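This report refers to the structure that appears directly beneath it.
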Amino acid sequence: MHEVIVCEKPTSAEKIAKALSPSAKKKVYNKKVKYWELKKGSKDITVVSAVGHLYSLTPDNPKDKVYFDLHWAPAYEVNKRGSGFTKDYVRAIKKLGRNADSYIHACDYDTEGTLIGYNALKYACGQENLDKVSRMKFSTLTKKDLLEAYDNRIELDMNQVDTGIARHVLDYYFGVNISKALMKSVSNAKHRFLKLSAGRVQTPTLSILVEREKEIKDFVPEPYWLIKAVVEGNIEVNHIDGKIFDRDRAEEIMTKCQGKDAIVDRISFSNSTTKPPVPFNLGGLQSEAYNVFGFSPKKTQTIAQNLYTSGYTSYPRTSSQKLPESLDFKSIFTQLGYDGEFKKHIDQLPSKLKPNNGKKDDAAHPAIHPTGILPQGLSKDDKKIYELIVYRFISVFFEAAKFETMSATLDIEGEKFRFKRRRVTHKGWMEHYPFRKIDDEIFPDIKEDDLMKVLELISDEKETKPPARYNQASLIKELEKRELGTKATRADIIDKLYDRKYITGTQQIEVNQLGENMIDTLSIYCNNLTSEELTRDLQIKLDGISNNKSTRREIIDEGEKDVKVILEDITKNSNEIGSKLYESYQESNIIGTCPTCGGNLVKRYSPKTKSSFVGCANYPDCTTSYSIPKGTNFLKKTCEKCGLPIISFGKPRQRACLDSNCGKDKTKIHKPTEVGKCPNCGKPLLKRSGRYGEFIGCKGFPKCKFTCSVDELESKLK
DNA sequence: GCAAGGTC
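Rendered as structure tokens:
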């Protein structure tokens, strides 16, 4: 009897194989794809694995104007870029998973996992009617759970399969068709191509950012005053009222207290503790890496994936903030202890290892943790993430940090002022997590009724501030809170918004005019796409399929009808929509004013030279243009000499005027002068002028690449 | 050319 077990990813295949038989043999297909062979009773079992979705939706007829007729095709054929690695896995499953006597679907027990296994069984193993298929249902990859799941297999839940299919189809219907319609409106109205996209997750995400921009724009700042005094010992004390919005009151306090001394009114002490942090889930790691190292969530995710595939850390795409006891902490610490730096901390661990687990859980994976295998030769950035994971893992086992707080109230002519100092009395976990600053202030030596000289009395006029813009880490947190996207896709969604030029800015995300116009446009024609309504709707509909209240066909037909209404609306107003989108796109690209005609200077892309340049928007009437180095940023500052924007470019970043000839005598630099013969090819050598000043280059460029600095010329010619 | 969701 031959049995084939299909898993979601190689690591779960390994765990399942080893759980079923400790003597399972690891094999490799075509030098790339791992699989396992084992014997159990009379059965010869082959454990193969997918790598996530192996099949993607694609239109039956790509030439159709709208896509409602779709079928599944291998992912590597549909998305040529990015899914190439799935090809070997599909081949391996096709080769190893044919003509078995029985099949087991052992992918993650969730909607996507169910579909991943279903498609693999249907299209790669040829199990169309599923009569030989059973399903393993497990919530962790521990041996106990897996054996139980194997012994108590259930029937494949076709409602769950249909739920997955409907999710894919509806996202395709809305996303691809509406994106296409928007791009078409631009090409109809302006005869230009603009890469645009909309979708169930990316559009509400953009909308959150636009909403914040509006709050900032509408914000009316209110003046307030902060009154503080500096007393003996350079201690800053703040007036007890905090923000004072009444100017008269602020002035009253100032006049009253001017030139008067302070008396210590009351001193009190209190104790507090700070618990250790919780173990990392993906969002937590992304957020911490952003705050500590400034890494983008995408970068952190890529590094975490590398560390995982290299065997140094656990599976990164988890929501769990819990470390289950089944993990064998002791042996992980023993191995980590071979590193001298880690050992210093591990040696101080309490004898009873109990992690400070967080609330969030994940059915399939524990929180991110080191495996114990010590890495070698990691790049600088990989090492940073690895150490962050290790120290977080260590610190969650330590006791809380303890603090003592001193609060003092001072009296100046009946007005109360106060200050607080906090000092650490027991560092606890903080001593073992080097990424947090520890508050440790000195308590001044004062007692109640002391008279203190006021050295300075200050009234600071301030303004209330609008809410802060999101950064990538705070946006990911917001998406988690609103349950938009998944842990695996949130960083990609944000990247996509940058890629489409909807948003810009790294420290703070700002929305471009194009992004704002997308939301304005879509909120008119399909409000449920800009809000989170579509995701909520989808969830309700999918739940309907799961519990037999509706069928996949009904839900998909409904979606088709909804999308068709939206598409009709967009087509009707195509001209207006297209014009506005393109114009807003151009506005986003305005970087200054043309010195020749006063028009707008815009950043453009030349497909011929595959490079960006700056040109006048009035082209061809005005032909003013400037070349720019790769990776140029336009700063808000302008050149003092000519008023053009200052650009930053290169590594390390340097700044210069957009006009590389700014401030130079133009008659000289445009005529390269001959200064000798090229030592490489014999052609004339020319003194040229570039962005970085004068240099010597061969006339035979680009065939001959000889260059040197003006100073080097003499020695090179010898 | 276009989505969102898995994964290396």
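Using the numbering used here, you'd call the opening residue of the first sequence number 534 and step up by one each time.
Even glycine gets a Cβ: it sits at the ideal position worked out from N, Cα and C.
Given the structure is predicted, the values throughout are model-derived calculations rather than measurements.
Item to check | Euclidean distance between Cα positions of I1089 and V702 | outcome: Locating residue 1089 in the first sequence gives position 556, counting from the first residue. Locating residue 702 in the first sequence gives position 169, counting from the first residue. Roughly 7 Å separates the two Cα atoms.
Checklist entry - Do I777 and Y757 come within 8 Å of each other at the CB atom, strictly closer than that value? => result Counting from 1 along the first sequence, the entry for residue 757 is found at position 224. Counting from 1 along the first sequence, the entry for residue 777 is found at position 244. Contact: yes.
Item to check | At least three beta-carbon pairs within less than 8 Å, the segment 787 to 795 to the segment 831 to 839 | outcome: In the pairwise beta carbon analysis, the segment 787 to 795 is classified as not touching the segment 831 to 839: fewer than three pairs are separated by under 8 Å.
Item to check | For N1081, three-class secondary structure by DSSP | outcome: Reading the first sequence from its first residue, position 548 is the one you call residue 1081. Three-state result, N1081: coil.
Checklist entry - Three-state secondary structure (DSSP) at H1203? => result Position 670 of the first sequence, counted from the first residue, corresponds to residue 1203. Note that H1203 scores 45 on pLDDT, short of 50, meaning its location in the model is unreliable and no value can be drawn from it.
Checklist entry - Per the contact definition of three or more C-beta pairs closer than 8 Å, is the segment 845 to 861 in contact with the segment 885 to 900? => result yes
Checklist entry - Which of the three DSSP states, helix, strand or coil, is assigned to N1004? => result Here residue 1004 is taken as the residue at index 471 of the first sequence, counted from 1. The answer is coil: DSSP assigns N1004 none of H, G, I, E or B.
Next on the checklist: Less than 8 Å between the beta carbons of F813 and I901, yes or no?
Outcome noted: Against the first sequence, residue 813 aligns to sequence position 280. Against the first sequence, residue 901 aligns to sequence position 368. Yes, the Cβ-Cβ distance between F813 and I901 is below 8 Å.
Item to check | Continuous beta strand (DSSP E) stretch holding P592: start and end | outcome: Working through the first sequence from its first residue, we reach residue 592 at position 59. Its beta strand (DSSP E) spans residues 588 to 592.
Item to check | Euclidean distance between Cα positions of A478 and S635 | outcome: Nothing in the structure corresponds to residue 478, since the chain is present only between 534 and 1251.
Item to check | Through-space distance from K665 to E688, alpha-carbon basis | outcome: Looking up residue 688 in the first sequence gives position 155. Looking up residue 665 in the first sequence gives position 132. Just so you know, the alpha carbons of E688 and K665 end up roughly 10 Å apart.
Item to check | Contact between the segment 637 to 654 and the segment 562 to 573 (3+ Cβ pairs under 8 Å) | outcome: no
Checklist entry - Cβ atoms of T738 and I1052: under 8 Å apart, would you say? => result Position 519 of the first sequence, counted from the first residue, corresponds to residue 1052. Position 205 of the first sequence, counted from the first residue, corresponds to residue 738. In this structure, T738 does not lie closer than 8 Å to I1052 by Cβ.
Checklist entry - Cβ of C1175 within 8 Å of Cβ of P1128? => result Position 642 of the first sequence, counted from the start, is the residue given in the question as residue 1175. Position 595 of the first sequence, counted from the start, is the residue given in the question as residue 1128. Taking C-beta atoms as the reference points, C1175 and P1128 count as a pair closer than 8 Å.
Checklist entry - Given a threshold of 16 other Cβ atoms within 10 Å of its Cβ, counted over all protein chains shown, does K1170 qualify as buried or as exposed? => result Here residue 1170 refers to the residue found at position 637 when the first sequence is read from its first residue. By the 10 Å Cβ count, K1170 comes out exposed.
Checklist entry - If you compare alpha carbons, which of D695, V580, D621, H604 is closest to D1076? => result Here residue 1076 corresponds to residue number 543 of the first sequence, with the count starting at 1. Among D695, V580, D621, H604, the Cα nearest to that of D1076 belongs to D695.
Item to check | Contact belief for M963 with R955 at Cβ below 8 Å, rounded distance in angstroms | outcome: By one-based count along the first sequence, residue 963 stands at place 430. By one-based count along the first sequence, residue 955 stands at place 422. With 8 Å as the limit, M963 and R955 do not qualify as a contact, their Cβ atoms being about 13 Å apart.
Checklist entry - Since E1049 contacts E746 with CB under 8 Å, what's their CB separation in whole angstroms? => result If you number the first sequence from 1, residue 1049 lands on position 516. If you number the first sequence from 1, residue 746 lands on position 213. Separation of the CB atoms of E1049 and E746 is rounded to 7 Å, and the pair is thereby assigned contact status at 8 Å.
Item to check | Reference E948; option with closest CA among K885, Y845, E785 | outcome: One-based indexing of the first sequence puts residue 948 at position 415. The shortest Cα separation from E948 among K885, Y845, E785 belongs to E785.
Checklist entry - In whole angstroms, what is the alpha-carbon distance linking K567 and P543? => result Within the first sequence, numbered from 1, the residue matching residue 567 stands at position 34. Within the first sequence, numbered from 1, the residue matching residue 543 stands at position 10. If I take the Cα positions, the gap works out to 7 Å.
Checklist entry - Apart from the five residues just before and just after P651, which ones in its own chain have a Cβ nearer than 6 Å to its Cβ? => result In the first sequence, the residue the question calls residue 651 occupies position 118. The residue you asked about is not Pro; residue 651 is Tyr in the sequence shown. If you ignore the 5 residues before and after Y651, its C-beta comes within less than 6 Å of the C-beta of V694, all in its own chain and listed in chain order.
Next on the checklist: Taking its Cβ as the centre, do 16 or more other Cβ atoms sit within 10 Å of I538, making it buried, or is it exposed?
Outcome noted: Position 5 of the first sequence, counted from the start, is the residue given in the question as residue 538. Classification of I538: buried, given that the 10 Å Cβ count is 16 or more.
Item to check | According to DSSP, residues forming a beta bridge with T673 | outcome: Mapped onto the first sequence, residue 673 falls at position 140. DSSP output for T673 lists no bridge partner at all.
Next on the checklist: Suppose the cutoff is 6 Å on Cβ atoms and the five residues either side in sequence are ignored; what does the same chain contact list for V825 look like?
Outcome noted: In the first sequence, residue 825 corresponds to position 292, counting from 1. Closer than 6 Å at the Cβ level, and outside the excluded window around V825, lie F968.
Next on the checklist: Quick test of your reading: E1120 and Q1041, contact by CB under 8 Å. State the CB separation rounded to the nearest angstrom.
Outcome noted: Numbered from its first residue, the first sequence carries residue 1120 at position 587. Numbered from its first residue, the first sequence carries residue 1041 at position 508. In fact, because the Cβ distance is near 20 Å, the residues do not count as touching under 8 Å.
Item to check | Helix, strand or coil at P899 [DSSP, three-state] | outcome: Reading the first sequence from its first residue, position 366 is the one you call residue 899. Three-state result, P899: coil.
Item to check | Those runs of the alpha helix (DSSP H) which lie wholly inside the segment 954 to 1017 and span at least 4 residues | outcome: If only complete runs of 4 or more residues are kept, the segment 954 to 1017 shows the alpha helix (DSSP H) at 1005 to 1014, in order along the chain.
Checklist entry - By DSSP, does M939 sit in helix, in strand, or in coil? => result Residue numbering aside, residue 939 sits at position 406 when the first sequence is read from its first letter. Three-state DSSP puts M939 in a strand.
Item to check | Neighbourhood of S556 by C-beta, 6 Å cutoff - its chain only, sequence neighbours within 5 removed | outcome: Working through the first sequence from its first residue, we reach residue 556 at position 23. No residues qualify anywhere along the chain.
Next on the checklist: I believe F1146 touches I1161 by the beta-carbon criterion, under 8 Å. Please report the beta-carbon distance rounded to the nearest angstrom.
Outcome noted: Taking the first residue of the first sequence as position 1, residue 1146 is located at position 613. Taking the first residue of the first sequence as position 1, residue 1161 is located at position 628. So it is a contact: roughly 6 Å between Cβ atoms.
Next on the checklist: Excluding the 5 residues flanking G844 on each side, which residues of the same chain have their C-beta closer than 8 Å to its C-beta?
Outcome noted: For the purposes of this step, residue 844 is taken as residue 311 along the first sequence, with counting starting at 1. Taking C-beta separations shorter than 8 Å and ignoring five residues to either side along the sequence, the partners of G844 in its chain run T904, I906, following chain order.
Checklist entry - Is T1039 helix, strand or coil when you go by DSSP? => result Translated into positions along the first sequence, residue 1039 becomes position 506. Shown here, T1039 sits in coil according to DSSP, grouped into three states, outside any helix or strand.
Checklist entry - Can the beta-carbon of L679 be found less than 8 Å from the beta-carbon of I549? => result Walking along the first sequence from the start, residue 679 turns up at place 146. Walking along the first sequence from the start, residue 549 turns up at place 16. Yes.
Checklist entry - From G1018 to I1009, what does the alpha carbon distance come to, in whole angstroms? => result Counting from one through the first sequence, the residue named residue 1018 turns up at place 485. Counting from one through the first sequence, the residue named residue 1009 turns up at place 476. Cα to Cα, G1018 sits roughly 10 Å from I1009.
Item to check | Burial state of S820 (16 or more Cβ within 10 Å) | outcome: One-based indexing of the first sequence puts residue 820 at position 287. Answer is buried; the Cβ neighbour count reaches 16.
Next on the checklist: According to DSSP, simplified to helix, strand and coil, what is E536?
Outcome noted: The residue labelled residue 536 in the question sits at position 3 within the first sequence. Assignment of E536 by DSSP, reduced to helix, strand and coil, places it in the strand class.
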